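Going by this note's numbering, the sequence shown wraps up at 711, each residue one higher than the last. First the structure, in the form of structure tokens, and then the observations on it.
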Amino acid sequence: MLTIRFQRTGRKNNPAFRIVVLEKQRSPKAGNPLQVLGSYNPKTKHTVIDAERVKHWISKGAQLSGTVNNLFITNKIIEGKKVNVLGKKTPIKKDEPAVEAKVEVVAPETPTETAVVEEAPAS
589 MLTIRFQRTG RKNNPAFRIV VLEKQRSPKA GNPLQVLGSY NPKTKHTVID AERVKHWISK
649 GAQLSGTVNN LFITNKIIEG KKVNVLGKKT PIKKDEPAVE AKVEVVAPET PTETAVVEEA
709 PAS
């Protein structure tokens with residue numbers, strides 16, 4: 589399966605990206621994409637995209653990564669809704685008070701005092 593995604597170039601703390609067509613299983617760092625479709629610099633927001641080739645590869649069945657999809661929609665190369673690239677955070681569960689099992693508290697039986705009658709010794 590083909591995919592259109594970013595291939596990072598540039599130096600440390602100064603990213604720049606190529607927009608490339610690759611096999612989905614191949615790493616973008618492999619260095620040999622099928623075709624370079626353009627470039628994107630996120631710091632300067634400078635974008636160069638070959639829109640005709642992008643539409644060609646999409647018609648051939650190439651899938652878009654989420655970020656590339658959003659970039660193409662922003663630049664009006666394709667139409668549609670943007671994809672939420674960042675997953676939803678799971679809500680923090682509040683500590684619910686544990687439902688205590690109803691335990692009947694049995695009061696300890698107090699020993700009743702019994703009157704002990706001493707028998708007089710028979711004499």
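We put the CB at the ideal spot given by N, CA and C, even for glycine. Quick caveat, the model's predicted, so the values are computed rather than measured.
For residue i, the three-state DSSP class (helix, strand or coil)
i: residue 658; result: helix
i: residue 708; result: coil
i: residue 627; result: strand
i: residue 616; result: helix
Beta-ladder partner(s) of residue i, from DSSP
i: residue 642; result: DSSP lists no partner for residue 642.
i: residue 673; result: Paired residue(s): none; residue 673 is not in a bridge.
i: residue 698; result: Looking at the DSSP assignment, residue 698 forms no beta bridge with any residue, so it has no partner.
i: residue 665; result: Residue 665 pairs with nothing; no bridge assigned.
Buried/exposed call for residue i, threshold 16 Cβ in 10 Å
i: residue 593; result: buried
i: residue 674; result: exposed
i: residue 650; result: buried
i: residue 656; result: buried
Residue i: CB within 6 Å of a non-hydrogen atom of the ligand FAD
i: residue 619; result: With respect to the ligand FAD, the structure shown offers nothing to examine, as it has no ligands at all.
Nearest-angstrom Cβ-Cβ length linking residue i and residue j, presumed shorter than 8 Å
i: residue 671; j: residue 658; result: 6 Å
i: residue 654; j: residue 661; result: Wrong, their Cβ atoms sit about 11 Å apart, outside the cutoff.
i: residue 663; j: residue 635; result: 6 Å
Three or more beta-carbon pairs under 8 Å between the region 625-635 and the region 601-611, yes or no?
yes
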